[in-house]
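Protein chains in written order, with our numbering: chain A, 247 to 609; chain B, 247 to 609.
Using N, Cα and C, we set each Cβ at its ideal position, and we do this for glycine too.
The block underneath contains the structure these notes are about, expressed in structure tokens.
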């Protein structure tokens with residue numbers, strides 16, 4: 247029974263099919279003579295011949311940047327993007343930064359908004375409580391549900407130089423406003439919908455199975471897990487209207503829980519850092535070999551995967567050279583906090599090099 | 247599948263036994279040379295011989311006001327309190343307003359914080375979206391759980407002149423920070439703990455049984471109802487440590503749901519307006535005669551009441567003069583929105599004068 251840290255909620259949300267139409271009013275309410283222009287980061291998925299395929303509320307002073315999400319955001323990329331925005335807006339700041347996309351785009355917008363009001367480079371702020379000044383006002387519009395990036399106080403950035411994925415963990419990173427329109431997730435390819443959706447299931451059950459807990463986080467995590475079960479195991483297609491909405495709410499409530507992760511996320515992070523696997527898919531590979539640690543959730547996940555006809559081709563690490571397996575081991579084991587949460591202080595004994603490398607080989 | 251209104255969450259919360267110790271840091275962080283003094287409203291329950299029995303972080307420039315909670319807050323009382331604060335702080339504003347108590351005190355602090363930055367009198371702001379300017383920064387510390395006042399965007403005020411209870415419904419009314427310390431609720435008398443706690447159960451099930459719904463509100467309401475069942479029907483005393491914490495979280499999550507009420511609250515409001523019954527107890531009388539409309543929840547409530555040895559003496563309206571029953575009828579039936587939510591547009595036919603008066607007589 248300890249006291250939680252002072253926890254920040256996303257201050258404003260709006261939910262519903264068609265909620266995207268509210269974006270214009272939200273952006274316009276931020277415009278002022280000092281900061282007339284708005285900055286938009288949009289998933290390249292919405293890049294059409296004539297510009298954006300979504301009805302963006304763009305005006306003359308605005309900058310729209312399409313973000314390539316084939317790779318997850320890197321610190322170098324954030325530096326380039328914030329430099330580009332600084333050149334575009336000159337002496338002024340944008341009136342707001344809107345991120346429209348999946349976790350990568352939402353995190354990109356958060357990171358740039360921090361950098362626009364804080365000097366230096368993205369990697370200077372990778373860690374905890376390093377951001378000094380409030381970011382530019384941010385609006386988050388998820389177009390795929392599950393990451394929880396619309397709620398979280400971090401923005402995960404890959405730093406290849408330091409061989410790690412680490413976010414700018416700060417209350418300033420939290421979106422000021424989020425817009426949850428399930429309609430935007432209708433066109434997400436099935437595999438991606440599944441891999442991203444189960445991210446909510448993963449981080450919520452990891453929190454519930456961990457040792458760092460509190461009643462608010464537990465109850466919100468349970469609620470999000472229930473919603474994921476309904477989406478992936480309930481009657482009807484996982485992309486039917488009511489499930490699109492449930493999945494978006496699962497991501498929001500799971501993100502608001504913001505519990506601590508466990509053994510899945512460190513292994514997943516290693517797969518992303520070393521093999522560039524996208525986060526959601528990497529989680530699935532990680533859990534697929536963690537039946538010993540999470541028997542119940544492993545079984546549930548295998549059922550969800552089968553039920554929705556999702557393929558996870560085996561053997562991705564089987565023939566990797568030893569030094570890459572060593573790199574995977576190192577990139578997993580550095581995640582001290584989630585591993586301690588899942589396995590206790592002796593996590594290095596429980597999940598030793600041999601066992602961990604065997605797990606990667608078995609994927 | 248409609249779009250929700252843009253919904254405000256409480257931006258910051260901290261939870262845990264002992265969280266009250268954080269209040270000093272939170273108040274001090276707001277102090278400035280322009281606004282050195284803080285304003286505290288504290289339930290008179292905590293008035294001791296030498297001042298407040300809680301360790302309040304008071305400094306020389308501060309004003310501490312004990313609030314008598316025998317009667318629920320009235321518009322006249324709010325005018326007096328805000329006048330007193332204006333005289334005390336002179337040209338300056340307090341750096342923050344902290345409310346420490348149950349729903350009445352939390353609502354008092356919210357109402358005064360609005361009036362300090364908005365001209366006129368409390369009754370000018372009874373209604374929806376009437377508050378024009380952001381309130382003084384507010385910290386809410388519930389010392390009894392269940393009202394949801396720590397989360398809500400209203401502060402219920404009785405206006406005897408207009409014969410109604412109506413709040414200042416505004417995003418500006420929402421607390422900026424809440425501090426959830428279950429330890430503070432340990433000394434609450436059993437009856438009061440029960441009557442206030444079941445308020446969460448009531449407003450959450452009313453929302454779930456209503457027609458104005460959305461997935462976020464539903465899931466949070468269900469979570470809060472589950473917690474209430476555990477507190478009032480689970481093993482162990484309702485004021486054991488784990489239940490004190492669960493009840494505080496139920497109130498928070500139920501308050502965050504902020505669904506629409508149904509048939510209980512209008513009848514309860516009439517009992518409070520006409521007979522001055524406190525809100526929680528009035529809810530209980532209301533539900534006690536609504537078995538026809540809410541059979542399942544009525545049975546559950548009767549079980550909770552019996553399980554915890556709570557007495558609800560019958561006959562409170564049996565011998566009331568007819569004109570007072572007429573007043574109860576009128577004070578119920580004006581609550582159009584909750585009654586429509588519960589019973590549809592024909593609510594006046596379903597709950598006609600004769601039936602409603604018979605319900606009051608049966609209490």
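- If you drop the 5 nearest sequence neighbours on each side, which residues of the same chain put their C-beta closer than 6 Å to that of residue 507 (chain A)? The residues are 449, 452 and 584.
- Message: Just to confirm, is the Cβ distance from residue 405 (chain B) to residue 377 (chain B) under 7 Å?
- Response: For residue 405 (chain B) and residue 377 (chain B), no; Cβs fall outside 7 Å.
- Task: Would you mind stating whether residue 414 (chain A) and residue 383 (chain A) have Cβ atoms separated by less than 7 Å?
- Result: Not a contact, by the Cβ cut-off of 7 Å.
- Task: Note down the Cα distance separating residue 514 (chain B) from residue 532 (chain B), rounded to an integer number of angstroms.
- Result: Residue 514 (chain B) and residue 532 (chain B): Cα-Cα distance of roughly 6 Å.
- Item | 7 Å Cβ cutoff, residue 264 (chain B) in contact with chain A | Yes - at least one Cβ of chain A is within 7 Å of the one on residue 264 (chain B).
- Message: According to DSSP, is residue 300 (chain A) part of a helix, a strand, or is it coil?
- Response: Coil at residue 300 (chain A), not helix or strand.
- Query: Of all Cβ atoms in chain A, is any one closer than 7 Å to the Cβ of residue 252 (chain B)?
  - Reply: Cβ-Cβ to chain A under 7 Å: yes for residue 252 (chain B).
- Which one or two residues does DSSP pair with residue 426 (chain B) in a beta bridge? Looking at the DSSP assignment, residue 426 (chain B) forms a beta bridge with B:261.
- Query: When the Cα of residue 520 (chain A) is compared with those of A:437, A:571 and A:428, which residue comes out closest?
  - Reply: The option with the nearest alpha carbon to residue 520 (chain A) is A:571.
- residue 508 (chain A) by DSSP, collapsed to three states: which one? Under the three-state reduction of DSSP, residue 508 (chain A) is assigned to coil, being neither helix nor strand.
- Message: For the alpha helix (DSSP H) containing residue 575 (chain B), name the first residue and the last one.
- Response: 568 to 579 is the span of the alpha helix (DSSP H), which, as asked, contains residue 575 (chain B).
- Taking Cβ positions only, does residue 257 (chain A) come closer than 7 Å to chain B? Chain B contact via Cβ: present.
- Task: Label residue 299 (chain A) either buried or exposed according to how many other C-beta atoms from any shown protein chain fall within 10 Å of its C-beta, with 16 as the threshold for buried.
- Result: By the beta-carbon neighbour count (other beta carbons within 10 angstroms, threshold 16), residue 299 (chain A) is exposed.
- Against chain B: residues of the region 451 to 463 of chain A by CB proximity under 7 Å: Residues of the region 451 to 463 of chain A with a Cβ closer than 7 Å to any Cβ of chain B, in chain order: 460, 461 and 462.
- Given a cut-off of 7 Å, decide if residue 496 (chain A) and residue 577 (chain A) are closer than it, judged by their beta-carbon atoms. The Cβ-Cβ distance between residue 577 (chain A) and residue 496 (chain A) does not fall below 7 Å.
- Cβ-based burial, residue 552 (chain A) [other Cβ within 10 Å; buried from 16]: Flag for residue 552 (chain A) reads exposed.
- Item | Contacting residues, own chain, Cβ-Cβ under 7 Å from residue 536 (chain A) (five flanking each side not counted) | Contacts found: 509, 510 and 544.
- Message: So that I know if they touch, is there some Cβ in chain B lying closer than 7 Å to that of residue 382 (chain A)?
- Response: With 7 Å as the cut-off, residue 382 (chain A) does not count as an interface residue toward chain B.
- Item | Three CB pairs or more closer than 8 Å across the region 477 to 488 of chain A and the region 426 to 446 of chain A | Using a C-beta cut-off of 8 Å, the region 477 to 488 of chain A makes contact with the region 426 to 446 of chain A, since at least three inter-stretch Cβ pairs fall below that distance.
- Task: Provide the residue(s) that pair with residue 346 (chain B) in DSSP beta bridges, ordered along the chain.
- Result: Answer is B:288 and B:387, bridged to residue 346 (chain B).
- Message: List, in chain order, every chain B residue whose beta-carbon is nearer than 8 Å to that of residue 338 (chain A).
- Response: Ordered by position in chain B, no residue passes the 8 Å Cβ test against residue 338 (chain A), which lies about 25 Å from the chain.
- Message: Distance cutoff 7 Å, beta carbons only. Does residue 269 (chain A) sit that close to anything in chain B?
- Response: Contact with chain B is absent for residue 269 (chain A), since none of that chain's Cβ atoms lies less than 7 Å from the residue's Cβ.
- Query: residue 260 (chain A) versus chain B: which residues are under 8 Å apart at the beta carbon?
  - Reply: The contact set of residue 260 (chain A) on chain B, defined by CB atoms closer than 8 Å, consists of 249, 250, 251, 252 and 253 in chain order.
- Query: To the nearest angstrom, how far is it from the Cα of residue 547 (chain A) to the Cα of residue 476 (chain A)?
  - Reply: Near 13 Å, if we compare the C-alpha coordinates of residue 476 (chain A) and residue 547 (chain A).
- chain A residues whose Cβ lies nearer than 8 Å to that of residue 390 (chain B): In chain order: nothing, as chain A lies at least about 17 Å away.
- Query: Could you give the distance in angstroms between the alpha-carbon of residue 525 (chain A) and the alpha-carbon of residue 275 (chain A)?
  - Reply: Just so you know, the alpha carbons of residue 525 (chain A) and residue 275 (chain A) end up roughly 34 Å apart.
- Message: Helix, strand or coil, according to DSSP, for residue 351 (chain A) in the structure here?
- Response: Looking at residue 351 (chain A) - three-state DSSP - the assignment turns out to be helix.
- Task: Pull up the DSSP beta-bridge partners for residue 478 (chain B), would you.
- Result: Answer is none; residue 478 (chain B) lacks a bridge partner.
- Message: Just verifying my parser: in three-state terms, what is the DSSP assignment at residue 411 (chain B)?
- Response: If DSSP states are grouped into helix, strand and coil, residue 411 (chain B) belongs with the strands.
- Starting from residue 587 (chain B) and walking both ways along the beta strand (DSSP E), at which residues does that stretch end? Going by DSSP, residue 587 (chain B) is part of no beta strand (DSSP E) but of the alpha helix (DSSP H) stretching over 582 to 589.
- Give a yes or no on whether the minimum CB-CB distance between residue 367 (chain B) and chain A is below 7 Å. No - not a single Cβ of chain A is within 7 Å of the one on residue 367 (chain B).
- With DSSP as the reference, label residue 367 (chain B) as helix, strand or coil. In the structure shown, the three-state DSSP call for residue 367 (chain B) is coil.
- Message: Considering only their Cβ atoms, is the gap separating residue 446 (chain A) from residue 500 (chain A) smaller than 7 Å?
- Response: Yes, they are a contact pair.
- Status (buried if at least 16 other CB within 10 Å, exposed otherwise) for residue 257 (chain A): Taking every protein chain shown into account, the CB of residue 257 (chain A) has 16 or more other CB atoms within 10 angstroms, so this residue is buried.
- Just the Cα atoms here: how many angstroms apart are residue 343 (chain A) and residue 303 (chain A)? Each residue's alpha carbon lies about 13 Å from the other.
- Query: Since residue 499 (chain A) meets chain B, which of its residues come closer than 8 Å, beta carbon to beta carbon?
  - Reply: Here the neighbours are 462, 465 and 466.
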